[in-house]
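Asks:
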Amino acid sequence: MSLVNRSLVTIDDLSNEEIEAVFSLADEMLNSVNNQSNVCQGKIMASLFFEPSTRTRLSFETAMHRLGGSVISAIDVNATSLAKGESIADMARVVGSYADIIVIRHPWEGAAKIVADYAGVPVINAGDGSHEHPTQTLCDLYTLKKERQTIKGLRIALCGDLKYGRTIHSLIYALTRLGATTFLWPGPGLDMPENVKQKLVTEYGAVVEKIPADNLPLLVGRDDWSGNNSLDAIYITPSHAHQLALIPDISIPIDLVSEYDALYVTRLQQERLVATADGQDLKRDYPVVDRKFLKGKEFKKTLVMHPLPRIDELAHEVDADPRSMYFKQAARGVPIRMALIALLLGAKDVYIPEKESSPAQERAYPLYKRDFGVTCSNSKCVSLQETETRYIKIEFEIITNRPLTLRCVYCEHEVHPQYIASCNWHQGMLKNKKYHRADTHLVRRIKPENLIIFDSESKAQAYGFKPSNYASER
Amino acid sequence: MSLVNRSLVTIDDLSNEEIEAVFSLADEMLNSVNNQSNVCQGKIMASLFFEPSTRTRLSFETAMHRLGGSVISAIDVNATSLAKGESIADMARVVGSYADIIVIRHPWEGAAKIVADYAGVPVINAGDGSHEHPTQTLCDLYTLKKERQTIKGLRIALCGDLKYGRTIHSLIYALTRLGATTFLWPGPGLDMPENVKQKLVTEYGAVVEKIPADNLPLLVGRDDWSGNNSLDAIYITPSHAHQLALIPDISIPIDLVSEYDALYVTRLQQERLVATADGQDLKRDYPVVDRKFLKGKEFKKTLVMHPLPRIDELAHEVDADPRSMYFKQAARGVPIRMALIALLLGAKDVYIPEKESSPAQERAYPLYKRDFGVTCSNSKCVSLQETETRYIKIEFEIITNRPLTLRCVYCEHEVHPQYIASCNWHQGMLKNKKYHRADTHLVRRIKPENLIIFDSESKAQAYGFKPSNYASER
Amino acid sequence: MSLVNRSLVTIDDLSNEEIEAVFSLADEMLNSVNNQSNVCQGKIMASLFFEPSTRTRLSFETAMHRLGGSVISAIDVNATSLAKGESIADMARVVGSYADIIVIRHPWEGAAKIVADYAGVPVINAGDGSHEHPTQTLCDLYTLKKERQTIKGLRIALCGDLKYGRTIHSLIYALTRLGATTFLWPGPGLDMPENVKQKLVTEYGAVVEKIPADNLPLLVGRDDWSGNNSLDAIYITPSHAHQLALIPDISIPIDLVSEYDALYVTRLQQERLVATADGQDLKRDYPVVDRKFLKGKEFKKTLVMHPLPRIDELAHEVDADPRSMYFKQAARGVPIRMALIALLLGAKDVYIPEKESSPAQERAYPLYKRDFGVTCSNSKCVSLQETETRYIKIEFEIITNRPLTLRCVYCEHEVHPQYIASCNWHQGMLKNKKYHRADTHLVRRIKPENLIIFDSESKAQAYGFKPSNYASER
């Protein structure tokens, strides 16, 4: 396997072995940052940032300059032709004819996939809405690796905004795949989205255990953590690495009180909240990690990590503490991105062993593609945006049919549509053109390639389908 | 002739031979893009974009990087000292003392000329309002040349917004000069401006034939093209190359039904429209080129071109069609701009034959320069802007005096002022200080250097002139 | 002394000898601009501009490119993570882990010092609010040096907005230190701030003489200068170089009518004015330097300087005058910044003689540091901003105690707090915990390290202090 000419849209685009390969080249880059200045000479990186960012963009641009390459950049949605109503696909094709590699950040979820599909050059996702931000995950994993030598078996707590924090989503997939045990400590109302948890279970074989907050020794006496009694901790462990922990009984106190290898703190993604009183509440009740918080003996050797920028959730007084890792994380972003860029451009080569079996990489779901019918229910999904509907084909993976569950191939949100039909059964006879409830047994009798799916009866009827006898029964 | 240290403000700044020279160097650049990385080493290009743009700016910056040069850029009017009230001339002088070459895009028409006048280094106009965008024209011509080997004799239809589209204006001058026949298919209300048509006739010797829409075989049955019956097609042919076509009778059906070499589609320049219901109408009735449109046999081998970005006027379904050229056009912008930059900086040299006679290049009109009197009537003209009136001298070419027609040297709009006077005739005697109607025979008796021109009687009187006996007669 | 790895936050960070060293390397750069392209190869400059700027940013970026280095830049506060509530210190630490040198412009006064404190790499202040802009001063001084060979003994008039113009503040310190005599001609209401004048007297040994406007031969008959009769000229001379001029009598007409070596014109810093009718008045009465103004024989050989951008205060008609220096000033910004960057990065070396005694450099005031009590009274000071109070410790220099005068270490504004206490005297007995008026003799009896200072009685009481018997007496 080689990384040349490939794109990195989600962290799952890299196998465990490829992640290790990036790390090994990053080590080489780190040790001789100043000797790399001809590796990518003559190459151009396009840095397209359609959302505010300093750190990620400057980190990528630094990486490219350290490799001897050049950078062209567009950094504000108002200063670009997107403001003139151009599609992402057009932009990708044009910029792909200028640059050798593209780095894209965009508010629409799935936008990076579109760029990768159309650019004709390697594309790196630098964050697409609340979807993924895989290079941040590489920096996080690299820091864990440098500090603990391995990721397998580590105990890592994720704390704060687990709902909107895209860094968190990419990270938890990778941690699970690489064999770490993860503890979720969401801020009130900021729980990990269901589809992420679902994917961890069905595709990474994780076991999810839910433990009521008052059972958690960890949180006893921490009224400052949250005044909200409904706070739970969620315990996720990969079935692969931790088979022994998969005991049927939930109370595993010995695990819950032992030390954490890392505490990963995130800020409230305020820019993704609707501006309401709610936002104010979320802000007020948001957990804060400070010197007092870190006094617990379970944190004695815990690496304190944060993707930055921080606001109030991680006190400045922690900065001088040797456990603080966040500035190291940021600094390591440069060698990681140097390694990644060099590999995708074929400017450097590393040995990558044959891929071991990885459930997430091998599973292939049947695809659902139609010009009409069900659409993604995520309003931030790129497939729903006016400029993109001109060319994008609706496309879903059919994850399961009991209940019928589709995953959007762009933003990876899951939808559960209620009505189905077949393009085979009606045989051109209008009276046979019927739709059915998705929870009837028919969902299993229609071949995937014949399936037509609707999210409402009115849509089905608009396409000339009539309710079947099954439409209202189970 | 050499291009070293010259500027490119309008496409007429290059002779036909010089355009060919740019193409020949572009071929060389295209064939060895990666071997150019030391051609402009140590040189700096300033990229000053005071209007939104991705594609043009990135194309220029890519070109400079591919040549091994560096780029400094200012990309937003709000982030610059223009916001502090600085004049364009000052900015040009200062940036000209930093950079070796300047690329400028500006909303004011004529702004690029000011920059070229003051910078002291070569300046490339990357679009000044609705005036010109000569490098886009070079990319367009280069694509025609690459696909058809020659431009002379090609039949090219220009379609869409011919009123505000600056790319169109530069293009039609060049096509006419280079011997192509052009067909104008404006969207409703978006006709080619009169001054452009006028200039094609008087300076490029073009013959303009106007044919009512219902006489045009081409448009028969194309109700989808426009619901508007007033749509005309305008047929322009250079006298030079197509003398034979200049038959007095207008009906030349054999030409009108034969094939087109290229169809050049443009988007509606919405950002130049005043936000009114009008804008909505223009949008609704705007022509759309799609697969159905292109089925006509006159388009069988037609190159479908577009300067991009597109909105709805060119359907995505055409992208996969081998006739689609627009992404190639965009990609070829890089070698074209590499060639141009290298030539202006003297970093590359090509043989340019002696210039053949070119009407547009040789005609010299008498100039009209005054501190007072008539001003340009184009509100977007750089000469009228508050920050620029501090130093700009009003200056016009006197195109003809029957009727008196002036062309602004900055934005090239034409004005037809009504009143004239002489600075010679009154001999210091106040009673002799009189103004006259511009359509009297006096306009031919006053020497150009003595001419004083007013756009209103009140202005003339404000400067102490009284109406003459001739002021109200012919 | 070496400049390697040092920062330039205020002009006082450079000794007179170091300034000369920068000039000598700038001469070398100027003479071989095109031969420097490997001096900083592989080095990266971060250009962080949180206020609008073209000229300064492009000048720095040009300088870095001319040295063969690379540039990463963030140019708009809305496009950065500051918009997400991040502190300047965090940004500095992260960017400092990417780049080899940082150039920062920021609206908050003292922001550059924070960046220099936290970045871990050399930092250059490119303007922090109305505080300082030391590289502009270097360009100004370099122009004087090039045109007059020396700065010692020059007579220089500063004209216009002396209140908000940060370039003026850095400049006058340097001119005074280097032995020039300065004349202040403020626009009405735009006088030099008191703390700047104070510092010139107390730290640079300058003698400040105030002369009523009607005594000034220079301004006789210049009603166009200002309709405002309250206009004064302020005459500043360094005690060191001009001891003889320090005569007790104020009328020194021979000096006032003799020639000026330079006239330094500045624009009204409108962006720092509150938008009121006041702003309109300031604009209307602002002095204008034009051809007529410069006809006075005292300006016969005067260098006309301006930091640019200009608006109306310096007429374009002066541009062609050989006395105009402002475009030369701008152009010389490049070699000056090349020299400075190369020296701070250790990429070039020049001999710097031992520092002579310099009052400003050697004086060490006692420091006042507390978690509570008096804060800076300048609302633009970085120490008062919400994002920064999380980590910044309040810190002042105690300039004098009669009357008690503190200077903020961040923005250098002076405060005159009214109440003091000691952390020593109350010996834990609550009744002894008292505060006193700052103008009693007690201020000299409390050791600086024990001093507690309050700006109001209510604050003192909020911290548990009670009024002493001295609190209301002197």
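Chains as they are written, first to last, in numbering that gives the first Met the number 0: chain A, 0 to 473; chain B, 0 to 473; chain C, 0 to 473.
Glycine included, every Cβ here is placed at the ideal spot set by N, Cα and C.
#1: Restricting to runs no shorter than 3 residues, where is the beta strand (DSSP E) found entirely within the segment 124-197 of chain C?
#2: If we call anything under 8 Å between Cβ atoms a contact, is B:V8 one with B:M44?
#3: How would you call A:V3, buried or exposed, if buried means at least 16 neighbouring beta carbons within 10 angstroms?
#4: Is there a C-beta anywhere in chain A that falls below 8 Å from the one on B:N33?
#5: Can you name the start and end residues of the alpha helix (DSSP H) that A:L342 belongs to?
#6: Short of 6 Å in beta carbon distance, which residues of its chain neighbour C:T166, apart from the five on each side in sequence? Order them along the chain.
#7: At least one CB of chain B closer than 8 Å to the CB of C:V333: is that the case?
#8: Using the three-state DSSP reduction, which class does A:Y367 fall into: helix, strand or coil?
#9: Please report the straight-line C-alpha distance between C:D284 and C:Q268, rounded to a whole angstrom.
#10: Can you tell me which of C:L344, C:R401 and C:S455 puts its alpha carbon nearest to the alpha carbon of C:V480?
#11: Could you give the DSSP three-state label for B:P466: helix, strand or coil?
#12: Any idea if A:R176 is buried or exposed, counting beta-carbon neighbours within 10 angstroms, 16 or more meaning buried?
#13: What is the rounded straight-line gap between the Cα of A:P301 and the Cα of A:R309?
#14: Going by the beta-carbon positions, is the gap between A:L199 and A:L183 smaller than 8 Å?
#15: Could you pull out every unbroken beta strand (DSSP E) segment of at least 3 residues lying fully inside the segment 45-98 of chain A, listed in chain order?
#16: With a threshold of 8 Å, are at least 3 pairs of Cβ atoms found where one atom belongs to the segment 58-74 of chain C and the other to the segment 61-76 of chain B?
#17: DSSP three-state call for C:S457: helix, strand or coil?
#18: Sort A:V414, A:N431 and A:K430 by Cα distance to A:A437 and report the nearest one.
#19: Excluding the 5 residues flanking B:S250 on each side, which residues of the same chain have their C-beta closer than 6 Å to its C-beta?
#20: Going straight from the alpha carbon of A:G152 to that of A:A205, what length do you get?
#21: For a contact defined as C-beta to C-beta under 9 Å, what are the partners of B:E312 on chain C?
#22: Mapping the DSSP letters down to three states, classify C:E19 as helix, strand or coil.
#23: Who are B:E394's beta bridge partners in DSSP?
#24: Which value, in whole angstroms, describes the spacing of the CA atoms of B:S46 and B:D260?
#25: Since B:A330 meets chain A, which of its residues come closer than 7 Å, beta carbon to beta carbon?
#26: In three-state terms, what does DSSP make of C:Y418?
#27: Can you check whether the CB of A:A118 is closer than 8 Å to the CB of A:G95?
#28: Short check: CB of A:S455 to CB of A:K433, under 8 Å?
#29: Buried or exposed for C:C422, going by 16 or more other Cβ atoms inside 10 Å?
#30: Candidates C:H168, C:M63, C:T149 and C:A179: which alpha carbon is nearest C:E193's?
#31: Compute the Euclidean distance between the alpha carbons of C:G109 and C:I340, then round it to the nearest angstrom.
#32: Does C:V287 come out as helix, strand or coil in the three-state DSSP assignment?
#33: Run down chain C in chain order and give the residues with a C-beta less than 7 Å from the C-beta of A:S58.
#34: Would you report the Cα separation of C:G372 and C:R443, rounded to the nearest angstrom?
#35: Does any residue of chain B have a CB that is nearer than 8 Å to the CB of A:E85?
#36: For C:M28, list the residues DSSP reports as bridge partners.
Replies: Straight from the coordinates:
#1: 154-159 and 180-185
#2: no
#3: exposed
#4: yes
#5: From DSSP, the alpha helix (DSSP H) with A:L342 extends over Y325 to L343.
#6: H132, Q135 and P306
#7: yes
#8: strand
#9: Computed Cα separation, rounded: 14 Å.
#10: There is no way to answer for residue 480 of chain C, as the model of chain C reaches only from 0 to 473.
#11: strand
#12: buried
#13: Note that residue 301 of chain A corresponds to Thr in the displayed sequence, not to Pro. Taking the straight line joining both Cα atoms gives about 19 Å.
#14: no
#15: Within the segment 45-98 of chain A, the complete beta strand (DSSP E) runs of at least 3 residues are 69-73.
#16: yes
#17: helix
#18: A:V414
#19: Residue confidence for B:S250 is low, a pLDDT of 36 falling below 50, so the modelled location carries little weight; the figure read from the coordinates is stated next. No residues qualify anywhere along the chain.
#20: 14 Å
#21: Those within 9 Å of B:E312 in chain C number zero; the least Cβ separation is about 31 Å.
#22: helix
#23: B:K368
#24: 34 Å
#25: S96
#26: When secondary structure is reduced to three states using DSSP, C:Y418 falls in the strand class.
#27: yes
#28: No, these two residues do not count as a Cβ contact at 8 Å.
#29: exposed
#30: C:H168
#31: Roughly 21 Å separates the two Cα atoms.
#32: coil
#33: Y97
#34: About 19 Å.
#35: yes
#36: C:M28 is not bridged to any residue.
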